[in-house]
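As numbered in UniProt numbering, residues 356 to 568 make up the sequence shown, in order.
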Amino acid sequence: SSRALAGAIVTALDTLHRTCVTHEEELGQLDAVAGDGDHGAAMVAGSRGATAAAKEALAQGAGARTVLIRAGSAWSEAAGGTSGALWGAALTAVGGSLSDDDGADVATLVAALLAGIGAVERLGGAKAGDKTMMDAALPFAEQLRAHFDATGDPEAALAEAAGAARSAAAETAEITARLGRSRVLGEKSLGTPDPGAHSFALLMTALAQHIKD
Ligand code: ADP
Ligand code: MG
Ligand code: MG
């Protein structure tokens with residue numbers, strides 16, 4: 356049922372939040388190289404706000420769709436900043452792909468994750484090679500779709516996709532940032548992975564592990 360799925364979504368969000376807490380300092384340090392150093396704090400605040408809002412909606416009897424849509428608004432409000440708006444839009448789009456009345460089969464869940472990434476792509480407008488979280492999210496989406504279509508196994512597909520996100524996030528170190536940053540700051544980022552790509556890979560790795568357990 357959608358209620359059971361909503362409960363599972365709350366525990367998954369809590370896992371994402373704990374992952375952000377574990378990596379807060381590391382994400383802040385990456386962001387300090389060419390950005391303003393707040394990416395760890397933003398991810399912690401956003402995921403905390405999202406988890407709290409999701410729990411509250413669940414307690415009020417909401418289904419999966421509403422739980423995620425509330426979580427998405429809370430993430431952007433609590434985090435502020437660019438990544439907060441993008442993660443908020445992602446959660447809202449995942450929720451918008453689900454129902455408040457019925458559960459979801461695995462194909463629907465995979466499609467919902469892909470819709471979340473689509474929302475980030477549309478809102479942020481970043482392309483591959485712009486040195487943003489999309490450099491991890493695009494290969495993640497491609498591998499998730501390809502492996503799920505080939506095997507029908509969502510756990511294995513998610514694990515493969517998370518691996519692709521980790522490799523792609525590490526490879527962003529070789530890119531000079533172009534988007535939303537001065538050229539000077541962009542050049543400074545050479546040799547350092549993009550913080551948003553790195554946090555995306557960390558969260559999708561945690562999600563894959565969570566779903567396996
Ligand atoms: P802010 O830049 O507002 O301080 P954060 O530090 O939390 O926000 O997030 C920075 C990250 O946001 C970047 O490392 C990048 O991955 C991501 N980002 C920035 N702009 C975009 C965009 N247009 N599309 C996708 N991701 C983006
Ligand atoms: Mg920042
Ligand atoms: Mg900031």
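Here a beta-carbon is modelled for each residue, glycine too, at the ideal position from N, C-alpha and C.
With a cut-off of 5 Å, give the chain-ordered residues whose Cβ is closer than this to any heavy atom of ligand 2.
ASP386, GLY390, ASP391, ASP393, HIS394
> residue 347 to SER438, Cα distance in whole Å?
Replying inline: No answer is possible for residue 347: it lies beyond the span of the chain, which begins at 356 and ends at 568.
query: Between which two residues does the alpha helix (DSSP H) carrying MET489 extend?
result: As a position in the sequence shown, residue 489 is number 134, starting the count at 1. 489-506 is the extent of the alpha helix (DSSP H) around MET489.
Open item on the list: Could you check if GLY436 belongs to the surroundings of ligand 3, using beta carbon to heavy atom distance under 8 Å?
Closed with: Counting from one through the sequence shown, the residue named residue 436 turns up at place 81. Checking every heavy atom of ligand 3 against the Cβ of GLY436, one is found closer than 8 Å.
Between THR397 and ligand 3, is there a pair consisting of the residue's CB and a ligand heavy atom that are separated by less than 8 Å? Your numbering for residue 397 matches position 42 in the sequence shown. In the sequence as displayed, the identity of residue 397 is Ala instead of Thr. Checking every heavy atom of ligand 3 against the Cβ of ALA397, one is found closer than 8 Å.
Exercise. Would you tell me roughly how many angstroms separate the C-alpha atoms of LEU411 and VAL365, rounded to the nearest one?
Key: The sequence position of residue 411 within the sequence shown is 56, counting from 1. The sequence position of residue 365 within the sequence shown is 10, counting from 1. One detail in the question is off: residue 411 reads as Glu in this sequence, not Leu. Distance between the alpha carbons of GLU411 and VAL365 is about 10 Å.
According to the neighbour-count rule (16 or more other Cβ atoms, all chains shown, within 10 Å of its Cβ), is VAL465 buried or exposed? Sequence index remark: in the sequence shown, residue 465 carries index 110 (1-based). It counts as buried.
- Message: Please report the straight-line C-alpha distance between LEU423 and VAL449, rounded to a whole angstrom.
- Response: For this step, residue 423 is matched to residue 68 along the sequence shown. For this step, residue 449 is matched to residue 94 along the sequence shown. About 7 Å.
Subject >> Contact test: ALA488 Cβ vs ligand 1 heavy atom, cutoff 8 Å >> reply: Residue numbering aside, residue 488 sits at position 133 when the sequence shown is read from its first letter. First, the amino acid is wrong: residue 488 is Met here, not Ala. Yes, Cβ of MET488 sits closer than 8 Å to a heavy atom of ligand 1.
Between the CA atoms of LEU360 and ALA558 - distance to the nearest angstrom: Counted from its first residue, the sequence shown places residue 558 at position 203. Counted from its first residue, the sequence shown places residue 360 at position 5. Position check: residue 558 holds Leu in this sequence, whereas Ala was assumed. So the two alpha carbons sit approximately 19 Å from each other.
Sorry if obvious, but does the Cβ on LEU441 come closer than 8 Å to a heavy atom of ligand 1?
Indexing the sequence shown from 1 puts residue 441 at position 86. Checking the Cβ of LEU441 against ligand 1 gives yes.
Three CB pairs or more closer than 8 Å across the segment 476-483 and the segment 502-515: no
Exercise. Answer yes or no: do THR531 and LYS486 have a C-beta to C-beta separation smaller than 9 Å?
Key: Locating residue 531 in the sequence shown gives position 176, counting from the first residue. Locating residue 486 in the sequence shown gives position 131, counting from the first residue. Yes.
Residue environment, SER522, which counts as buried when at least 16 other CB atoms sit within 10 Å:
For the purposes of this step, residue 522 is taken as residue 167 along the sequence shown, with counting starting at 1. Exposed, by the Cβ-count rule.
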